[in-house]
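Letter 59 of the sequence shown, counting from 1, is numbered 60 in our numbering, and no numbers are missing. This report concerns only the one structure given below.
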Amino acid sequence: MAESNFIYYRGFPMVRSGNEIYYGSMGDRFVTKLTIRESEKYKDAEIPTKVMVQMIPTSPTPEDLAKIRKGEMNSLYEALDTAHVWLTKELFGA
2 MAESNFIYYR GFPMVRSGNE IYYGSMGDRF VTKLTIRESE KYKDAEIPTK
52 VMVQMIPTSP TPEDLAKIRK GEMNSLYEAL DTAHVWLTKE LFGA
């Protein structure tokens with residue numbers, strides 16, 4: 002079995018590059034993109050205070066383009082929780 006170097010949150014992989022976090026599998030119809038827009042310094046860490054969440058299709062079709070969602074959250078946890086709900090509803094109908 003191939004070893005995975007991804008971090009997983011609630012069953013979906015996450016990849017971070019700079020201020021962008023991609024949550025979800027590129028093999029699925031949709032992934033979410035979290036963009037850290039603002040952060041505050043707390044001790045030695047940067048804590049995100051504004052995070053843009055976008056659900057985007059991996060292979061755009063007219064049907065999938067109509068399902069694009071976006072919103073702005075006040076914490077990384079809130080953004081990840083929202084991204085998880087959006088992906089779960091779209092991929093599994095739950």
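All C-beta atoms, glycine included, are put in the ideal place defined by N, C-alpha and C. Predicted model, so just to flag it, every value in this text is computed and none were measured.
For residue i, the three-state DSSP class (helix, strand or coil)
| i | result |
| --- | --- |
| V42 | It is worth fixing the name first, because residue 42 is Lys in this sequence and not Val. Strand, per DSSP. |
| P14 | strand |
| P49 | strand |
| P63 | helix |
| F31 | strand |
Selected residue, minimal CA-CA separation from residue i, among the options
| i | options | result |
| --- | --- | --- |
| L75 | L35, G12, M15 | For the record, residue 75 in the displayed sequence is Asn; it is not Leu. When only C-alpha atoms are compared, the closest one is L35. |
| E39 | G28, R30, S18, V52 | V52 |
| R30 | R11, L66, V16 | L66 |
| K71 | N6, L92, A84 | A84 |
| L88 | I37, M56, S18 | M56 |
Classification of residue i by the beta-carbon crowding that lies within 10 angstroms, buried from 16 upward
| i | result |
| --- | --- |
| I8 | exposed |
| E41 | exposed |
| V86 | exposed |
| T59 | exposed |
| F13 | buried |
| E47 | exposed |
Distance cut-off 7 Å: residue i Cβ against heavy atoms of the ligand FAD
| i | result |
| --- | --- |
| L88 | The ligand FAD is absent from the structure shown, which contains no ligand whatsoever. |
Secondary structure, alpha helix (DSSP H): runs of 4+ residues fully inside the region 69-94: Fully enclosed alpha helix (DSSP H) runs of 4 or longer: 77-93.
Count the CB pairs spanning the region 21-28 and the region 72-92 that are closer than 8 Å, and state whether there are at least three. Touching, per the Cβ criterion.
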